[in-house]
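Novice:
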Amino acid sequence: MELFLVALIAVLVIWWVLEYRRHTRNIERIGIRIHVNGTRGKSSVTRLIAGALREAGVRTVAKTTGSLPQLILPDGTEEPIVRLGSPNIHEQIGIIRKAVALGAEALVIEC
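In my numbering, the protein residues as written are 7 to 117.
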């Protein structure tokens, strides 16, 4: 039983290290990263910044939260973010992974 627990812990630690490295590499692939925070107007500011970057020719992905969380794709179209519970760090990791897959040069995230 002890050997099983040691092996399980070792596997989890290795998985966490690999996941951390993959996430760090994904973050580094996005040259412009903007985090919008505050009390009021975060979604509007996120949309304005993303729109300005897109108009400047920067391939941009944005994420708004608010009452209807949306992922704004590089072409400006939106897709809803489906949540099974409250927002969490795994959602952010997934958004970054998707932005990299879409070839984003900039990521604007509302938090």
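Don't be surprised by glycine CBs; every beta carbon is placed ideally from N, CA and C.
Cα-Cα, which of ALA58, GLU85, ILE20 and SER49 is closest to SER73?
Specialist: Looking at the Cα atoms, SER49 is the closest of the given residues.
Novice: When the distance is taken between beta carbons, is PRO80 closer than 9 Å to ARG89?
Specialist: No, they are not a contact pair.
Novice: CB of ASN43 to nearest heavy atom of the ligand MG: below 8 Å?
Specialist: Absence of the ligand MG is noted for the structure shown, with no ligands found whatsoever.
Novice: Where DSSP assigns a beta bridge to HIS41, which residues make up the other side?
Specialist: Its beta-bridge partners are ILE115.
Novice: Exposed or buried, what is LEU113 when buried is set at 16 or more other beta-carbons lying within 10 Å of its beta-carbon?
Specialist: Burial call: buried.
Novice: Could you give the DSSP three-state label for ILE36: helix, strand or coil?
Specialist: If DSSP states are grouped into helix, strand and coil, ILE36 belongs with coil.
Novice: DSSP three-state call for ILE95: helix, strand or coil?
Specialist: DSSP places ILE95 in helix when its eight states are reduced to three.
Novice: Suppose you measure from the CA of ILE38 to the CA of MET7; what does that come to, to the nearest Å?
Specialist: Cα to Cα, ILE38 sits roughly 48 Å from MET7.
Novice: Since ALA68 is in the beta strand (DSSP E), which residue starts that stretch and which ends it?
Specialist: 66 to 70 is the extent of the beta strand (DSSP E) around ALA68.
Novice: Please name the residue or residues paired with PRO86 in a DSSP beta bridge.
Specialist: Paired residue(s): GLN76.
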